[in-house]
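Undergrad:
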Amino acid sequence: MPSTDRELMMNPRTLRIAIASFIVLALLLAAMLLIRATHPPGFGASIPANLVDSSMKVRAGAAIDGRDAVVTLHIQPGWHVYANPPSAPYLIPVTIVVQRGGHGLDLQPSYPPGQDIGLRVDGKIIRVYENGTRIALPGLSSLHDVRIQVRVQACADKGLCLPPATLIASSR
247 MPSTDRELMM NPRTLRIAIA SFIVLALLLA AMLLIRATHP PGFGASIPAN LVDSSMKVRA
307 GAAIDGRDAV VTLHIQPGWH VYANPPSAPY LIPVTIVVQR GGHGLDLQPS YPPGQDIGLR
367 VDGKIIRVYE NGTRIALPGL SSLHDVRIQV RVQACADKGL CLPPATLIAS SR
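Quick note: the sequence shown uses my numbering, first residue 247, plus one each step.
Have a look at this one:
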């Protein structure tokens, strides 16, 4: 065992660990700088394909059903998203924004109440949406030239939540 600081610094094993730690930190810093340079703050809807977020588990589709548009959530088995309104203030619920020509439309999505799948926090029932949940958009009778943004946070039924994502609902 080294008896002085000088002997500790000269130890080849310690030196290799220090160099490896420096390389790992340098690579992490370079990756963070690259992501920041290519995706400035507020860019939001698009992230590098190798990073995992809620868009890996949830898709959204839009269609006209009768006189109104409907967004359908396609959620992978074993995953859910939080209902709107949220069951607790710290949960990120599904939210929908509709735009035409870059301007938001004054629509009020008709969010369903959500399901009880047995999740409880501080004795409160946490309501969620599962695969196939349909959210009506009353007053939107055409999908022509509209962009429907759906913000979601996917969580595994076992507890892991992914970072939120903003999806663009595809029309059929």
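Backbone N, C-alpha and C fix where the C-beta goes; we use that ideal spot for every residue, glycine too.
In chain order, what residues of the same chain have a beta carbon less than 7 angstroms from the beta carbon of Met298, not counting five sequence neighbours either side?
TA: Indexing the sequence shown from 1 puts residue 298 at position 52. Inspection of the sequence shows that residue 298 is occupied by Val rather than by Met. Closer than 7 angstroms at Cβ, skipping near neighbours: Leu408.
Undergrad: Ile381: which of Ala334, Val343 and Lys303 sits nearest, CA to CA?
TA: As a position in the sequence shown, residue 381 is number 135, starting the count at 1. Here the closest residue by C-alpha is Val343.
Undergrad: Can you list, in chain order, the residues of its chain whose CB lies under 6 angstroms from that of His390, leaving out five sequence neighbours each side?
TA: As a working mapping, residue 390 is identified with position 144 in the sequence shown. For His390, where only same-chain residues beyond five positions count, there are no Cβ hits under 6 angstroms.
Undergrad: Are the CB atoms of Pro410 and Gln399 nearer to each other than 8 angstroms?
TA: By 1-based counting over the sequence shown, the position of residue 410 is 164. By 1-based counting over the sequence shown, the position of residue 399 is 153. For Pro410 and Gln399, yes; Cβs fall inside 8 angstroms.
Undergrad: Within 10 angstroms of the Cβ of Leu406, are there 16 or more other Cβ atoms? Answer buried if so, exposed if not.
TA: Translated into the one-based positions of the sequence shown, residue 406 becomes position 160. Per the 10 Å Cβ criterion, exposed.
Undergrad: So is Ala188 buried or exposed if we call it buried at 16+ other beta carbons inside 10 Å?
TA: Outside the displayed span of the chain (247 to 418) sits residue 188, for which this structure offers no information.
Undergrad: Buried or exposed, going by whether 16 or more other CB atoms sit within 10 Å of the CB of Pro355?
TA: Reading the sequence shown from its first residue, position 109 is the one you call residue 355. Per the 10 Å Cβ criterion, buried.
Undergrad: Based on Cα-Cα distance, which residue from Asn377, Ile394, Ser300 and Ala309 lies nearest to Ile338?
TA: Here residue 338 is taken as the residue at index 92 of the sequence shown, counted from 1. Per the Cα distances, Ser300.
Undergrad: Considering only C-alpha positions, which residue in the set Val396, Asp352 and Val340 is nearest to Arg373?
TA: Residue mapping note: residue 373 aligns to position 127 of the sequence shown, counting from 1. Ranking the options by Cα distance to Arg373, first place goes to Val340.
Undergrad: Please tell me whether His326 and Arg305 are closer than 8 angstroms, where the distance is taken between their beta carbons.
TA: Here residue 326 corresponds to residue number 80 of the sequence shown, with the count starting at 1. Here residue 305 corresponds to residue number 59 of the sequence shown, with the count starting at 1. No. Outside cutoff.
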